[in-house]
Every structure is written in C-alpha cells, then in structure tokens.
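Enquirer:
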Amino acid sequence: MSNLHDIPIATRSGCDERPVLRERGQREVFCGLTGIVWLHRKLQDAFFLVVGSRTCAHLIQSAAGVMIFAEPRFGTAILTDRDLAGMADANDELDRLCVTLLERRPEIRTLFLVGSCPSEVIKLDLARAAERLNARLLPQVRVLNYSGSGIETTFTQGEDAALRTFVPLMPHTDARQLMVVGCLPDIVEDQFRRQFEQLGIADVVFLPGRRAADVPAIGPNTDLLPAQPFNGDTVRALIARGARLLRAPYPFGAEGSTAWLQAAARAWGVTPATFDAVTGPARARAETALARQRPLLAGRSLFMLPDSQLEPSLARFLQRELGMRLIEVGTPFLDRQMVSEELALLPDDIVLSEGQHLNRQLDRVRAARPDLTVCGLGLANPLEAEGLATKWSIELVFSPIHGYDQAGDLAELFARPFARRARLAV
Amino acid sequence: MQLTLWTYEGPPHIGAMRVASSMRDLHYVLHAPQGDTYADLLFTMIERQDRRPPVTYTTFQARDLGGSTAELVKAAVAEAFERFHPAALLVGDSCTAELIQDQSGALAAGMQLPIPVVALELPAYSKKENWGAAETFYHLARTLLADRVPAPGAARPPRDPARRPRANLLGPTVLGFRCRDDVTEIRRLLDALGIDVNVVAPLGASVDDLRRLPDADFNIDLYPEVSRTLTGWLSRSFGMPATRTIPMGVGATRDFIAEVAALAGVDPSPLLGAETPGAAGRGASASRQPWYARSVDSTYLTGKRVFIFADATHAIAAARIAAEEMGFTVVGLGCYARDFARDVREAAARYGVEALISDDYLEVEKAIAAAAPELVLGTQMERHIAKRLGIACAVISSPIHVQDVPARYSPVYGFEGANVLFDSWVHPLVMGLEEHLLQMFRDDFEFNDAAPASHLPAVAVQTMAVAELGMSDADDAPAWTADGERELKKIPFFVRGKARRNTESYARSRGLSTITVETLYDAKAHFAR
Chain A
1 MSNLHDIPIA TRSGCDERPV LRERGQREVF CGLTGIVWLH RKLQDAFFLV VGSRTCAHLI
61 QSAAGVMIFA EPRFGTAILT DRDLAGMADA NDELDRLCVT LLERRPEIRT LFLVGSCPSE
121 VIKLDLARAA ERLNARLLPQ VRVLNYSGSG IETTFTQGED AALRTFVPLM PHTDARQLMV
181 VGCLPDIVED QFRRQFEQLG IADVVFLPGR RAADVPAIGP NTDLLPAQPF NGDTVRALIA
241 RGARLLRAPY PFGAEGSTAW LQAAARAWGV TPATFDAVTG PARARAETAL ARQRPLLAGR
301 SLFMLPDSQL EPSLARFLQR ELGMRLIEVG TPFLDRQMVS EELALLPDDI VLSEGQHLNR
361 QLDRVRAARP DLTVCGLGLA NPLEAEGLAT KWSIELVFSP IHGYDQAGDL AELFARPFAR
421 RARLAV
Chain B
1001 MQLTLWTYEG PPHIGAMRVA SSMRDLHYVL HAPQGDTYAD LLFTMIERQD RRPPVTYTTF
1061 QARDLGGSTA ELVKAAVAEA FERFHPAALL VGDSCTAELI QDQSGALAAG MQLPIPVVAL
1121 ELPAYSKKEN WGAAETFYHL ARTLLADRVP APGAARPPRD PARRPRANLL GPTVLGFRCR
1181 DDVTEIRRLL DALGIDVNVV APLGASVDDL RRLPDADFNI DLYPEVSRTL TGWLSRSFGM
1241 PATRTIPMGV GATRDFIAEV AALAGVDPSP LLGAETPGAA GRGASASRQP WYARSVDSTY
1301 LTGKRVFIFA DATHAIAAAR IAAEEMGFTV VGLGCYARDF ARDVREAAAR YGVEALISDD
1361 YLEVEKAIAA AAPELVLGTQ MERHIAKRLG IACAVISSPI HVQDVPARYS PVYGFEGANV
1421 LFDSWVHPLV MGLEEHLLQM FRDDFEFNDA APASHLPAVA VQTMAVAELG MSDADDAPAW
1481 TADGERELKK IPFFVRGKAR RNTESYARSR GLSTITVETL YDAKAHFAR
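Just so you know, the protein sequences line up as chains A and B, in that order.
For the first sequence, the numbering used here gives the first residue as 1, with consecutive numbering after it.
For the second sequence, the numbering used here gives the first residue as 1001, with consecutive numbering after it.
1) Under 8 Å, Cβ to Cβ, is there at least one residue of chain B near asparagine 145 (chain A)?
2) Which residues of chain B have a Cβ atom closer than 9 Å to the Cβ of threonine 55 (chain A), listed in chain order?
3) So what does DSSP say about cysteine 1179 (chain B), is it helix, strand or coil?
4) When the Cα atoms are used, what is the spatial distance from tyrosine 1409 (chain B) to aspartate 1217 (chain B)?
5) Could you pull out every residue in the same chain whose Cβ sits closer than 7 Å to the Cβ of aspartate 89 (chain A), ignoring the five residues on either side in sequence?
6) Based on Cα-Cα distance, which residue from B:Ala1070, B:Tyr1057, B:Leu1113 and B:Asp1102 lies nearest to glutamate 1082 (chain B)?
7) Looking at the C-beta of tyrosine 1292 (chain B), does it have a partner C-beta in chain A at a distance below 8 Å?
8) Return helix, strand or coil for phenylalanine 1081 (chain B), following the three-state DSSP convention.
9) Which residues in the same chain as alanine 1531 (chain B) place their Cβ atom closer than 6 Å to its Cβ, once the five residues preceding and following it in sequence are excluded?
10) Alpha carbon to alpha carbon, what distance is there between threonine 1245 (chain B) and alanine 1280 (chain B)?
11) From threonine 154 (chain A) to serine 1505 (chain B), what distance separates their C-alpha atoms?
12) Determine whether the Cβ of isoleucine 1100 (chain B) lies closer than 8 Å to any Cβ atom of chain A.
13) For lysine 1489 (chain B), count the other beta carbons within 10 Å of its own beta carbon; 16 or more makes it buried, fewer makes it exposed. Which is it?
14) Starting from the N-terminal side, write out each stretch of the alpha helix (DSSP H) that is 4 residues or longer and does not extend beyond the segment 1284–1370 of chain B.
15) For alanine 90 (chain A), return the contacting residues in chain B, with the cut-off set at a CB-CB distance below 8 Å.
16) I'd like to check one pair, phenylalanine 333 (chain A) with glutamate 311 (chain A): are the Cβ atoms closer than 8 Å?
17) Which of the three DSSP states is assigned to tyrosine 1038 (chain B) in this structure?
18) If you reduce the DSSP assignment to three classes, tell me which class alanine 217 (chain A) lands in.
19) Could you tell me the boundaries of the beta strand (DSSP E) in which tyrosine 1057 (chain B) lies?
20) Which chain B residues sit within Cβ distance under 7 Å of aspartate 81 (chain A)?
21) Using the beta-carbon of each residue, which ones in chain A are nearer than 7 Å to leucine 1042 (chain B)?
22) Examine the Cβ distances between the segment 40–58 of chain A and the segment 405–424 of chain A and report whether three or more of them are shorter than 8 Å.
23) Report the residue from B:Gln1403, B:Glu1518 and B:Ala1477 whose alpha carbon sits nearest the alpha carbon of arginine 1048 (chain B).
24) Please report the distance separating the alpha-carbon of glutamate 1468 (chain B) from that of isoleucine 1491 (chain B).
25) Between the segment 384–393 of chain A and the segment 413–421 of chain A, do at least 3 Cβ pairs fall closer than 8 Å?
26) Output yes if chain B places a C-beta closer than 8 Å to the C-beta of arginine 27 (chain A); else output no.
27) Cβ closer than 9 Å: which chain A residues qualify as neighbours of arginine 1048 (chain B)?
28) Assuming leucine 1362 (chain B) and tryptophan 1425 (chain B) are in contact, meaning their beta carbons sit under 8 Å apart, how far apart are those beta carbons, in whole angstroms?
29) For proline 118 (chain A), which residues in chain B fall below 9 Å Cβ to Cβ?
30) Give me the chain A residues within the contact set of tryptophan 1131 (chain B), using Cβ-Cβ distance strictly less than 7 Å, ordered along the chain.
31) Mind listing the chain A neighbours of tyrosine 1057 (chain B)? Cutoff is C-beta to C-beta under 9 Å, in chain order.
32) Is it buried or exposed for tyrosine 146 (chain A), if we count other Cβ within 10 angstroms and need 16 for buried?
33) Can you give the Cα-Cα distance for glycine 1150 (chain B) and alanine 64 (chain A), rounded to whole angstroms?
34) Would you give the residue range spanned by the beta strand (DSSP E) that glutamine 1002 (chain B) belongs to?
35) Could you check how far apart the C-beta atoms of threonine 1058 (chain B) and arginine 27 (chain A) are, in whole angstroms? I think they sit under 8 Å.
36) Any idea what DSSP makes of methionine 304 (chain A), helix, strand or coil?
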C-alpha cells in the first residue's frame, strides 16, 4: 500500500554515532497540556488557564485520573462557536473570564494562559492577551503564556514550555549559584537541597520554585544542572542568558544520582573526600534498596514505548543497575544535547527509536514478546490481555523517583508487575 | 468562552468513540492532533476493555498544517482498512481538525473503499459527547439501511402470527451506566413475555446486525441519550414504534412490561400476574425491593432528603424511585444535558422542586450545598462534591469511574435492578437501627454523632465536621450563646447545618446579634410554617 507516513530510517548523526529509528504516524502520547497536572501542584500561587476546547478540559481531567481537588488551580476557557465567529469578541471574552477568575481566587499571583491546538490554529494571540492583562493586573498578578498544544508539544514538553516563560523575567546576577532545572516533588527537592548544602554548595536555586512569583536570577556565574531531560528549550534559553550547562546523567538510581551530584561537586571544587563522605551513606542505602529488587528484574527483557523523554535515562538505570535486557527504547523526542551522557552509557545492541508509528511499534512488541513493556494507560490493559506484562509510564512522571532515597521506589515500580504476577494464581 | 474546571461530557467525537468501541467490526478514523489519544484510556482503564478502541488517529502536527494534513487522512484511512479489515468505517474530525477544514469524511468517501464509509460531522464547539454518540449511531444505521427504507406512506406489513414478536434493544454503549447488565436483565424480561431480541446495539453489535434492525417489530429505547435520534428515524421511516418507559425501579419496570406487551401484542401476565402494587409481603413482586422498603427497618428512610443530578434518563427514573419506592423527599433534581431539559423540568415539577439544568460543576456543588441533602444520587462528579460536603452519595449515571463498572452482576434496570438500587442507595447512609442509637446515646463517647456509620471508613468523621462548618454563614453570622450552641448540638447532625443557617438568617432578619435557646426555637417555629 502507499504509505505516506515517513519511511523509518536509521540515521547516524551528531557526535553520538548511535543509529536512531525515526518514525511518524499515530502517536499514543499525551500533549503538553498534561504537564499542568503536576505543575499546578508544584506552583502553589499559580493558576493554569487552558484556552481551548472541551477536548482539552476532558484530557486534563482524564489524565489527572480524576478530580482529586474540589476546585483545582487549573481550568479551561472553552471556545464556543461564538468565539470562532468573531475574534475581537474572543479577546474580550478571555479578558472578562480571567478577571472573573482572579476575583474568585485572590490568592493567585501568576496566571498562565496556556495555548492549545484550537487556539493555535485560529491564531488566538495569547502573548498579546497576556500583555493586555498585565497592563491591567500587574503588580498584583502576572500573566504569562505558553503553548501546550499537541501540534507543537508532546507530554513533558509542556513543562519545558511553561518554565521557558520564566527566563525573560529573570533578573541578572553575577553571583555564583547552582540552578537545578525541572519540576521535582517537594520531598525530593528538599533532599537535594540538604545534599548540596552538605557538599558545601549553598547557593542553590530550583526552577521552578514553589511559588511562581519567586523568579530566580540568572547570569554568567550560574551553573545549570538539569533534573529532567525534557527541559531542553528552557536550558538553552538559560544558556543564552549566560549560564553554563553541567552535563551529567540524570539522578535515577545510585549511579545516576552519584554522577549527577558529582557534576555539581566538580564544578564547585568539592574534594573527592568530602563528596564520598557526604554521598557515601545515601549511596549505600540506595544500593541496598536496589539489591532487594534486582532478583526480580535481572535478565528480564524490556520494551519502552515513547512517553516522557525520561526513557533513555530510565533504560540506562534499569540496564546498568538492575540488569534488565533492553530491546527497544522509544522516546517521543530525542534531545541529544540533554541526553548525551545517557546515550553514552546505553549498550550498542538496542533499538533507540524516536517518534512513533503505533501499529508498527506494537508489531515489534508482539514479535519481541518482552518480559515488560512500559507504555501509556491506553495500551496497558490491551497488552496485558495479550499476556504481556506492562508498567504504566505515567506513574514515572507523577511519582518521586529522583535521587538516592527514591532509587528503591523507582526499581519497585518496575518490579511490581512481576511481583504481582507471581502472587496471582487465578 | 466558558470557564470549566471539570466537564460532565467529553466532546462529541468521544461519543462516536463510544459507539465504535461498543461494536465488533467498526473502525473510526479520527482526524486529530497528537494528544487526542488520551481518550483511549477511558475505555481501557475505566471500562477495563481488553482491546484498544478501534480508532486510528491521524496525529497531525504543526508542521503538517501547511498542506499535508489531508494526505495524512488518506494514509490513515488506507492503513486502518488494510490492518483492521473493518466492515464499515467512520471518518470524522476532532475539535482542531474541524478548524482546518480538510473535509476528512469526503476525502475518505472519495477513496472508493469496498465498505460503507460514514462521514461524521460532529460540531465540537457547540455539541457534546452524548449528542455525538446519538448522531453517530443514527448516521451509521441510516447509511447501512439506505436501501431498505420503504416508500413513504407504505404500510408496515403485520407480523406473521406464527413468529414470536421481536424487539431491538437500542442505546447501550461502553462507558454508559451498567449497560452490560441492564441488557441481560431486559433480555430476561422479554424472554418471559415470549418476545425475541432481534438486535442489541451498539453494545456487542456487528455492522451486519444494524442492517437487520428493521426485522424487529419495535424498538426499545433503552438509553434515549444515545438511541432516541435513531429510534425516531426508524419510527418515521420504517413505522417501527419505540418504548417510552425506562424500566428503572419496580413501578417503572411494571409500566415498561405493560408497554412492551402492548407493543408486541402479547399477554403481560407471565410477569405482571404476580405483581401487586401496594401490597406488603414477599410474594407481592418479583423484586425484593417493595418488601425491603416496607420492612420496619426502612422506617428511618422516611423523608430523607435526596438530591438527584445525572443524565436525564437516570435522573428522572431515580426521582420516581426515591419518592415512590424509598419514601425519600426529593429536594433537588437536575441533569447536565440541555437536550433533555424539558423532560427533567416536567419531572421536577412533580416533586415541587426547580430543575437544575447545568453543566457547571461549581453551580451544581452550590445547589447541593444549599439544599443540604442527606443523600446525593449523581455521577462521578457528584461523588466528589458529596465527599467534600460530607454527604452520603451513590452514583446512578455516567460519567463514571472505574468503581462504577463492577465485576459482579449489577443492573439498575428491571426487577433485579430495583434490588441493586435499594442496596446501593441505602449502603452510604447510616443504617436505621444505628441512627436511632446515635440519637439515644448522643453523649456517649462511642456513639457520639460525629462517629461515622460503622460500615463506612473512618475518614467520614472529618468530612462531616467539614460539612457542618461549611454550612455556617460568613462573617456577619450572629453569635451563638453557649446555651444556644449546646441546644443546636442536640439536633441531628445531618440537619444541624440547615438549622444553624435558618436560625442565623432568622436572627439577622430580626436584627438579633446573639442567638439564645429561645431564638433557636423561635426560628424553628418560624420556618415550620
């Protein structure tokens, strides 16, 4: 048949010579709007207003699993026929709605207008809208805008787009500081903060902080340590403001956490003795926790479908620290600058794929019959029904998995499907 | 532009997905950007479906918008046809595709596939999920039956008396409420009456089954939100009558049996012969519900205040059960779909309440808080509202969550459905005897009225307290004297919030700054008029 989707090609490019299987077709991934689910929990003074359709509202509510919060700090301004008919009205409507919303929620300090597929297609200018509203609402409330649309962003790229909006607001500083980039659960952020302090790195800022209104400063003496591999655009914007990127694998597992902390330690001249003294006990704890899960995972084969861009990092962790056998590692988007250190640690004999043609990829899953398939919620039960064990990828984004003290929990997420199967006799 | 925090219904293409996912050999090509595949998880997680929804998404991106999106449609159609071999294809747009106007349906129709291709036009900016399901079901059947429509005015030939009458059961879908088990229950009823089921659709139907719809003598409009558009057309074009009664509750099931028997021309007595409305005792109905409702233990259900908010079909039926079969007082009735607003308003008038027609979650929450019910019958949304307000709740309608798709047999239609409803509405309440004990031993540390029902998790304690706090009016509330407050505590907790509010508003209207025991009873007398 004539297939107008791109023919998969294995290319070698860039400094890493690893071939990549690039595919286009149906993608079973969320769009960038989904990031709101965790961003709104992290930024306690922010409200995320999606300007979109009923589909957008339905997506966020379905992806969030359900309505956990009676009145959450996100919502959707649903476009109706009337808005499509007259754009001037749509702008007025949006302004009216934002003002009403803020009157209801006086504690909100930052309002994100989040673009969607429909708002992008009709070219509703949210940057202009933010400007208009800022003229009216600053300094009480700052209005920012970004796009979480599916035509432009995949799942975690929504966080990247949101964080990117902070960069132009950052004041300049020449002070030496370490900036950790990427949304982390508060508990993990606190652990890292303590570890940096013990290492003698006192000037650490996290992007984002817990309040959107507290925008950190940036300058030539800022070292960037990305905590999530999917914030490439934000990192590049920070580099453009003079900051320096510290390259490291991501802090998953004992090895990843050590390498990540070490990148900061080296840049800050921490002595190896201090580093070992500080990280040694935590590292030992992590290794003990991992040893408990290893028997369940070692030697098992793994197929990762694209989801969050965390895949290369998690694959590295599962292969090197838990002995899993990698078949295919899929990622929606391969940002080489962000994962170069991870790619270097991956074995040569795996398929690294970028993008997705769902049916062809599922054909490969069925042919390989992996012991474990990491996939989205839409695919998990159908694959289980075919006798394939699965792990929901969304849990990897919503759970605390970074750092030494979560290494065991992270391994357990992958071990649980096996543990469960071992128990069930029906 | 409408601000929405939570939405009762998805966009109309979700309705089309429900139809496609319910059927066996239908496929849906949805012209949609990346991200719209989220909808798959509704089917595989909430319904625990063991196969992917039969949907191919074109997954267009920003860089395709220049001109190649139409090619993506053709490629997706061709691939879906080759890979899945469907017996018919639905082709349509999601909200974003509607804006770029690729005419996906026309493109697909132009491809000369050897199967019926139904182009769906589901306006995403004005319509919603249930409408989308109804429209899809109707257009699909209409396309498949195009060559069977008799000439206008042609009389329907009478049924051959040697053949048993036949009915279609129309409207059940995945993600509907308890459809799987309702269908089984209704099949049993029909079988007892000597009526054959011709086709059940969309749930479990094949494309060929839909071609056989006119072979039935009449249609059972089981879930009008999905089926009424089609049954209306079948009535106009094929002269097939359709039922109007929703067989939910004992009384409605009896009415349904009578209606069906009349449409089929059969004797209802195999089912209705033993039904004795108004009689006590176990032999008076095929359902245990009437006896359970009359058992003295159920006395405590009398006049319990119930707020009902759901889809129109389930809301209206639930109100009748609540009032006539449980002895509750209906203090609120509403639905989230305007399409059926008139029916809901009529029903609300019967119970002396004003219908709430809204898809604004916050408005519903406000109405529930104001009505201070003891039980909420609603959807997954009202489950959350009730939880927050500390009010008992049972789910009676979509939208649903995973716990509303139980493993056990649990219809809500027919005689067994009446049993299921009795149990599931009584369960969240404090049980009868227990409620009496709470009143009698109010000051006992173990029986204090902040204690939750013994069969419910302890977390309820906290939420009840929250509910009561939530009831008190804002800053300008008059102060309660210690005696007044003590007396207020003696009022059962489930009406205490209302008593507090009434007393405070009475005190304000009289210009009183403090509330004594006297004020409390003055207010009671005032509001009792």
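We put the CB at the ideal spot given by N, CA and C, even for glycine.
Expert: Result, derived from the coordinates:
1) Within the first sequence, the letter at position 145 stands for residue 145 (chain A). By this cut-off, asparagine 145 (chain A) is not an interface position.
2) Here residue 55 (chain A) is taken as the residue at index 55 of the first sequence, counted from 1. Going along chain B in sequence order, the residues near threonine 55 (chain A) (Cβ under 9 Å) are Gly1010, Pro1011, His1013, Ile1014, Ala1032, Gly1035, Asp1036, Tyr1038, Ala1039, Ser1094, Cys1095, Thr1096 and Ala1124.
3) As a working note, residue 1179 (chain B) is residue 179 in the second sequence. Note: cysteine 1179 (chain B) maps to helix in three-state DSSP.
4) On the second sequence, position 409 is the one that residue 1409 (chain B) refers to. On the second sequence, position 217 is the one that residue 1217 (chain B) refers to. Using only the alpha carbons, I get a separation of about 29 Å.
5) By one-based count along the first sequence, residue 89 (chain A) stands at place 89. The residues are Arg82 and Asp83.
6) Position 82 of the second sequence, counted from the start, is the residue given in the question as residue 1082 (chain B). Ranking B:Ala1070, B:Tyr1057, B:Leu1113 and B:Asp1102 by Cα distance to glutamate 1082 (chain B) puts B:Leu1113 first.
7) The residue labelled residue 1292 (chain B) in the question sits at position 292 within the second sequence. Answer no: the Cβ-Cβ gap between tyrosine 1292 (chain B) and chain A never drops below 8 Å.
8) In the second sequence, residue 1081 (chain B) corresponds to position 81, counting from 1. Of the three classes helix, strand and coil, the one that applies to phenylalanine 1081 (chain B) here is helix, per DSSP.
9) For residue 1531 (chain B) there is no data in the structure shown, the boundaries of chain B being 1001 and 1529.
10) Your numbering for residue 1280 (chain B) matches position 280 in the second sequence. Your numbering for residue 1245 (chain B) matches position 245 in the second sequence. Those two C-alpha atoms are separated by around 25 Å.
11) Walking along the first sequence from the start, residue 154 (chain A) turns up at place 154. Walking along the second sequence from the start, residue 1505 (chain B) turns up at place 505. Roughly 53 Å between the two C-alpha positions.
12) The residue given as residue 1100 (chain B) occupies position 100 in the second sequence. Yes, its Cβ sits closer than 8 Å to a Cβ of chain A.
13) For the purposes of this step, residue 1489 (chain B) is taken as residue 489 along the second sequence, with counting starting at 1. With fewer than 16 other Cβ atoms within 10 Å, it is exposed.
14) 1289–1294, 1312–1320 and 1341–1350
15) Here residue 90 (chain A) is taken as the residue at index 90 of the first sequence, counted from 1. The contact set of alanine 90 (chain A) on chain B, defined by CB atoms closer than 8 Å, consists of Met1001 in chain order.
16) As a working note, residue 311 (chain A) is residue 311 in the first sequence. As a working note, residue 333 (chain A) is residue 333 in the first sequence. No, Cβ-Cβ distance for glutamate 311 (chain A) and phenylalanine 333 (chain A) is not below 8 Å.
17) Position 38 of the second sequence holds residue 1038 (chain B). Helix, per DSSP.
18) Reading the first sequence from its first residue, position 217 is the one you call residue 217 (chain A). If DSSP states are grouped into helix, strand and coil, alanine 217 (chain A) belongs with coil.
19) Indexing the second sequence from 1 puts residue 1057 (chain B) at position 57. 1055–1057 is the span of the beta strand (DSSP E), which, as asked, contains tyrosine 1057 (chain B).
20) Walking along the first sequence from the start, residue 81 (chain A) turns up at place 81. The answer, in chain order, is Tyr1125 and Ser1126.
21) As a first step, residue 1042 (chain B) is located in the second sequence; it is residue number 42 there, counting from the start. Correct list: Ser62.
22) no
23) On the second sequence, position 48 is the one that residue 1048 (chain B) refers to. For the residues B:Gln1403, B:Glu1518 and B:Ala1477, the minimum Cα distance to arginine 1048 (chain B) belongs to B:Gln1403.
24) Residue 1468 (chain B) sits at position 468 when you count from the first residue of the second sequence. Residue 1491 (chain B) sits at position 491 when you count from the first residue of the second sequence. Note that glutamate 1468 (chain B) scores a pLDDT of 43, beneath 50, so its modelled location is shaky; the value from the coordinates is reported in the next line. Straight-line Cα distance between these residues: approximately 12 Å.
25) yes
26) The residue labelled residue 27 (chain A) in the question sits at position 27 within the first sequence. At least one CB of chain B lies nearer than 8 Å to the CB of arginine 27 (chain A).
27) In the second sequence, the residue the question calls residue 1048 (chain B) occupies position 48. Simply Asn381.
28) As a first step, residue 1362 (chain B) must be located in the second sequence, where it is residue number 362. As a first step, residue 1425 (chain B) must be located in the second sequence, where it is residue number 425. With 8 Å as the limit, leucine 1362 (chain B) and tryptophan 1425 (chain B) do not qualify as a contact, their Cβ atoms being about 25 Å apart.
29) If you number the first sequence from 1, residue 118 (chain A) lands on position 118. Result: Cys1095, Thr1096, Glu1098, Leu1099, Ala1124 and Tyr1125.
30) Within the second sequence, the letter at position 131 stands for residue 1131 (chain B). Correct list: empty, because the minimum Cβ distance to chain A is about 12 Å.
31) Taking the second sequence and counting its residues from 1, the one referred to as residue 1057 (chain B) is at position 57. The contacting residues are Gln26, Arg27, Glu28 and Leu358.
32) For this step, residue 146 (chain A) is matched to residue 146 along the first sequence. Burial call: buried.
33) Position 150 of the second sequence holds residue 1150 (chain B). Position 64 of the first sequence holds residue 64 (chain A). Reading off the sequence, residue 1150 (chain B) comes out as proline, not glycine. CA-CA distance, proline 1150 (chain B) to alanine 64 (chain A), rounds to 50 Å.
34) For the purposes of this step, residue 1002 (chain B) is taken as the residue at position 2 of the second sequence. Run containing glutamine 1002 (chain B): 1002–1004, per the beta strand (DSSP E) assignment.
35) Residue mapping note: residue 1058 (chain B) aligns to position 58 of the second sequence, counting from 1. Residue mapping note: residue 27 (chain A) aligns to position 27 of the first sequence, counting from 1. With a Cβ gap of about 10 Å, threonine 1058 (chain B) and arginine 27 (chain A) do not count as contacting.
36) Here residue 304 (chain A) is taken as the residue at index 304 of the first sequence, counted from 1. Strand.
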